[in-house]
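**Q** Residue numbers (the working numbering): 7 to 246.
From the three backbone atoms N, C-alpha and C, an ideal C-beta is built for every residue, glycine too.
Bear in mind that the values here come from a model prediction, so they are computed numbers and not experimental data.
A single structure is presented below for examination.
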């Protein structure tokens, strides 16, 4: 039994619905070797938790099926989990066979926020489960790259000589923007800049407005535009 300490008194409950694919079943088998995770089936769930006591939360494994639409995949998985499971779920963990940007975007539109590749290391699998349990976002590097590459062709780029939107940012906004480019969350930025998360969220909103974008992903894509911004620890990020 591998022990990846997560600081919790109770293990995270991972629901593996009956009839799940071999892909998700393999993921569930790997997670059974982790002491901080308890893999169960719908039959083991009760209103007061599978062990007769309070349960911190449950994460449902959902295996992507390229033969079905993302909506059908999630609907089928929730139905297989059963009504008791759905009432206790804290999040979904999508198990992807490939980094298909179009399908991932569709899952994102349906509310999915946690993705993991079928051949990911055990540490990444556990990270995805923990992120789903906390209601956070988890995008492995390969999947994140696919999404960014799929979005970039649709973004307007400035011709040479056009002032970069980054020039509109204040010094503090440039600092926070550099952390965004580095892929840090609001909580991580708050810790690095000695700010509250509420203040960071305020600055991020201003950054998105000044850059003329709606999402953090689009804001990060600005690194390919003219200009530069000083990154964490004084490192200069070339935005040309």
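Count the other CB atoms, across all protein chains shown, that sit within 10 Å of the CB of residue 220; report buried if there are 16 or more and exposed otherwise.
**A** Looking up residue 220 in the chain shown gives position 214. When all chains shown are included, residue 220 counts as exposed.
**Q** According to DSSP, which residues form a beta bridge with residue 45?
**A** Here residue 45 is taken as the residue at index 39 of the chain shown, counted from 1. DSSP output for residue 45 lists 20 as bridge partner(s).
**Q** Is the distance from the Cβ of residue 36 to the Cβ of residue 128 below 8 Å?
**A** The sequence position of residue 36 within the chain shown is 30, counting from 1. The sequence position of residue 128 within the chain shown is 122, counting from 1. Yes, the Cβ-Cβ distance between residue 36 and residue 128 is below 8 Å.
**Q** How would you call residue 64, buried or exposed, if buried means at least 16 neighbouring beta carbons within 10 angstroms?
**A** Here the question's residue 64 lines up with position 58 in the chain shown. Buried, because 16 or more other Cβ atoms sit within 10 Å of the Cβ of residue 64.
**Q** Using alpha carbons as the reference points, say which of 100, 188 and 191 lies closest to residue 131.
**A** Within the chain shown, numbered from 1, the residue matching residue 131 stands at position 125. The residue with the shortest Cα to Cα distance from residue 131 is 100.
**Q** Mapping the DSSP letters down to three states, classify residue 39 as helix, strand or coil.
**A** Walking along the chain shown from the start, residue 39 turns up at place 33. It is coil, neither helix nor strand.
**Q** Comparing alpha-carbon positions, which option in 41, 106, 97 and 96 lies nearest residue 70?
**A** The residue given as residue 70 occupies position 64 in the chain shown. Closest option to residue 70, Cα to Cα, is 106.
**Q** Would you call the CB atoms of residue 110 and residue 80 closer than 8 Å?
**A** Taking the chain shown and counting its residues from 1, one reaches residue 110 at position 104. Taking the chain shown and counting its residues from 1, one reaches residue 80 at position 74. Not in contact: residue 110 and residue 80 (Cβ atoms no closer than 8 Å).
**Q** Quick one: complete alpha helix (DSSP H) runs, 4+ long, within the region 172-221?
**A** 177-187, 192-199 and 203-217
**Q** For residue 134, count neighbouring Cβ atoms within 10 angstroms of its own Cβ and tell me buried if that reaches 16, exposed if not.
**A** Working through the chain shown from its first residue, we reach residue 134 at position 128. Buried is the call here.
**Q** Please go through the same chain and pick out, in chain order, the residues whose beta-carbon is closer than 6 Å to the beta-carbon of residue 168, but skip the five residues on each side of it.
**A** Translated into positions along the chain shown, residue 168 becomes position 162. A caution first: residue 168 carries a pLDDT of 49, below 50, which makes its placement in the model unreliable, though a value can still be read off. So the list is empty, once near-sequence residues are dropped.
**Q** Within a Cβ cutoff of 6 Å, which residues of the same chain sit near residue 209, ignoring the five residues on either side of it in sequence?
**A** The residue you call residue 209 lines up with position 203 of the chain shown. Cβ within range, chain order: 179 and 182.
**Q** Give the DSSP bridge partners of residue 98, in chain order.
**A** On the chain shown, position 92 is the one that residue 98 refers to. DSSP output for residue 98 lists 66 as bridge partner(s).
**Q** Buried or exposed, going by whether 16 or more other CB atoms sit within 10 Å of the CB of residue 108?
**A** As a first step, residue 108 is located in the chain shown; it is residue number 102 there, counting from the start. So residue 108 ends up on the exposed side.
**Q** If you reduce the DSSP assignment to three classes, tell me which class residue 143 lands in.
**A** Mapped onto the chain shown, residue 143 falls at position 137. Coil at residue 143, not helix or strand.
**Q** Here's a check: name, in chain order, each residue in its chain whose Cβ is nearer than 8 Å to the Cβ of residue 223, leaving out the five neighbours to either side.
**A** Within the chain shown, residue 223 is the residue found at index 217, counting from 1. Correct list, in chain order: 153, 154 and 157.
**Q** Restricting to Cα atoms, I'd like to know which of 216, 147 and 187 is closest to residue 174.
**A** Residue 174 sits at position 168 when you count from the first residue of the chain shown. For residue 174, the nearest C-alpha among the options comes from 216.
**Q** When DSSP builds the beta bridges, which residues end up paired with residue 123?
**A** Stepping through the chain shown from its first residue, residue 123 is reached at position 117. Residue 123 is bridged to 102.
**Q** Quick one, which of 20, 214, 206 and 199 has its alpha-carbon nearest residue 192's?
**A** For the purposes of this step, residue 192 is taken as residue 186 along the chain shown, with counting starting at 1. Nearest option by C-alpha distance: 206.
**Q** My output table needs one value for residue 227: the three-state DSSP class, helix, strand or coil.
**A** As a first step, residue 227 must be located in the chain shown, where it is residue number 221. When secondary structure is reduced to three states using DSSP, residue 227 falls in the helix class.
**Q** In angstroms with no decimal places, state the Cα-to-Cα distance between residue 115 and residue 200.
**A** Within the chain shown, the letter at position 109 stands for residue 115. Within the chain shown, the letter at position 194 stands for residue 200. Roughly 33 Å between the two C-alpha positions.
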